[in-house]
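Numbering (mature numbering (1 follows the signal peptide of the UniProt record, and there is no 0)), first residue to last: -27 to -1, 1 to 396. Backbone N, C-alpha and C fix where the C-beta goes; we use that ideal spot for every residue, glycine too. Here is the structure we will look at, set down as structure tokens.
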């Protein structure tokens, strides 16, 4: 089934890792994640001259800088939050003293975007740390400011401190971007019971149309050698929205998509999925949020489930029983659960508009329709099959077993295989 989708920022996932004993916290048992922090550089200034304890530091303002596009008062307010900055030596990086700002001078340049600050000169005094010789405070050293940023610590350890085995939370809210995430487990669920949890077997593609790129020659005769084995992971419950992507842009000083007029997303579409995003931009959002982009198989499993059940026989051989879904919510198409041309909306809709009935077996919503989603996988043939045409691009997913690639008529949607990102 082919849908006319707008390409969008692909859904983001976190792979679940097994922690050592005792790493599972009380907060994690409640479905929350551990909070951790890291120091992220905001700006850097090179020491240009030091004489008799006084000198100058220069900060060059480039696109993406925290100072880029800001007015003089805003720049000074940022710098004056602290009076003292640590002076660092390069190679190896080492703290050697302190710099105290006495005066701030800002230079400007005029270009097509108008008059913008291009350079900052800080004048002040230097003092060496205890035990450090004064002559180390010289040109070539630097000062730098940081911000503290919350980073993700995986919530899925399998043991508590008293050595009892515990299950990962089925849902939790990510501390960095605030998005709900759902757990895609190993094994399969039947009548409310989870079987073979440690096995990540997954049946991909379809077995009826050999002419299609998503044809799996082994679809009706699965064996361990031709099945995917996917570790458990968490995936965003909803597609990334314009509002969520806008937060990323502000925090990282990243330029907005060209189709956002005045740098702002369309009015009234704050909860619509962000679209028109390149692979590199999707990758940057993933890196910022402390997650990564899903592989094609991870995305498909999250959308349609394992696609089969299985059992281990007495002779330790395996028997597999295909039972795949055509859509995340079942085998019968329902336009109210999947925003496509048949829905007659002729536009994206809020990610929260789709009913819970549209959820995949793991609880992910919007895995069918609305907009297509990037994966980190190259667009390659499945085992035992060949493509109608070779594409040196990433695979796009839109519904269950469907797969497509960026159209070459739109250069924003072409990506280089070398840009694949893995955490």
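By DSSP, does residue i sit in helix, in strand, or in coil?
{"i": "residue 170", "result": "coil"}
{"i": "residue 41", "result": "coil"}
{"i": "residue 48", "result": "helix"}
{"i": "residue 192", "result": "coil"}
{"i": "residue 260", "result": "helix"}
{"i": "residue 226", "result": "coil"}
{"i": "residue 238", "result": "coil"}
{"i": "residue 56", "result": "coil"}
{"i": "residue -5", "result": "Here residue -5 scores only 30 on pLDDT, less than 50, and its place in the model should not be relied on; the value that follows carries that caveat. Of the three classes helix, strand and coil, the one that applies to residue -5 here is coil, per DSSP."}
{"i": "residue 199", "result": "helix"}
{"i": "residue 183", "result": "coil"}
{"i": "residue 216", "result": "helix"}
{"i": "residue 1", "result": "Residue confidence is low: residue 1 scores 42 on pLDDT, short of 50, so the model does not pin down where it sits. No coordinate-derived value is stated."}
{"i": "residue 243", "result": "coil"}
{"i": "residue 405", "result": "One cannot answer for residue 405 here, as it falls past the ends of the chain, which runs -27 to 396."}
{"i": "residue 134", "result": "Here residue 134 scores only 49 on pLDDT, less than 50, and its place in the model should not be relied on; the value that follows carries that caveat. Reduced to three states, the DSSP call for residue 134 is coil."}
{"i": "residue 105", "result": "coil"}
Determine, using beta carbons only, whether residue i and residue j come nearer to each other than 7 Å.
{"i": "residue 39", "j": "residue 61", "result": "no"}
{"i": "residue 322", "j": "residue 345", "result": "no"}
{"i": "residue 348", "j": "residue 161", "result": "no"}
{"i": "residue 119", "j": "residue 97", "result": "no"}
{"i": "residue 173", "j": "residue 159", "result": "yes"}
{"i": "residue 297", "j": "residue 342", "result": "no"}
{"i": "residue 51", "j": "residue 93", "result": "no"}
{"i": "residue 306", "j": "residue 331", "result": "no"}
{"i": "residue 324", "j": "residue 244", "result": "yes"}
{"i": "residue 226", "j": "residue 247", "result": "no"}
{"i": "residue 403", "j": "residue 116", "result": "The chain is shown from -27 up to 396; residue 403 falls before or after that span and cannot be answered."}
{"i": "residue 340", "j": "residue 276", "result": "yes"}
{"i": "residue 188", "j": "residue 358", "result": "yes"}
{"i": "residue 291", "j": "residue 197", "result": "yes"}
{"i": "residue 280", "j": "residue 176", "result": "yes"}
{"i": "residue 143", "j": "residue 263", "result": "no"}
{"i": "residue 207", "j": "residue 156", "result": "yes"}
{"i": "residue 24", "j": "residue 34", "result": "no"}
{"i": "residue 77", "j": "residue 95", "result": "yes"}
Do you know whose CA, among the options, lies nearest residue i's CA?
{"i": "residue 193", "options": "185, 202, 201, 180", "result": "180"}
{"i": "residue 87", "options": "101, 113, 43, 66", "result": "43"}
{"i": "residue 337", "options": "18, 300, 102", "result": "300"}
{"i": "residue 111", "options": "294, 296, 28", "result": "28"}
{"i": "residue 153", "options": "217, 165, 168", "result": "217"}
{"i": "residue 272", "options": "319, 236, 203, 255", "result": "203"}
{"i": "residue 295", "options": "284, 25, 210", "result": "284"}
{"i": "residue 335", "options": "163, 241, 103", "result": "163"}
{"i": "residue 141", "options": "261, 293, 205", "result": "205"}
{"i": "residue 304", "options": "278, 234, 320", "result": "278"}
{"i": "residue 65", "options": "113, 122, 309", "result": "113"}
Looking at the strands, I want to know which residues DSSP matches up with residue i.
{"i": "residue 16", "result": "118"}
{"i": "residue 63", "result": "Paired residue(s): none; residue 63 is not in a bridge."}
{"i": "residue 77", "result": "95"}
{"i": "residue 161", "result": "168"}
{"i": "residue 112", "result": "114"}
{"i": "residue 22", "result": "29"}
{"i": "residue 88", "result": "83"}
{"i": "residue 100", "result": "71"}
{"i": "residue 175", "result": "201"}
{"i": "residue 35", "result": "In the DSSP output, where bridge partners are listed per residue, residue 35 has none listed."}
Pick out the complete beta strand (DSSP E) segments inside the region 279 to 352, 3 residues or longer, and give them in chain order. Runs of the beta strand (DSSP E) inside the region 279 to 352: 281 to 285, 291 to 295, 344 to 351.
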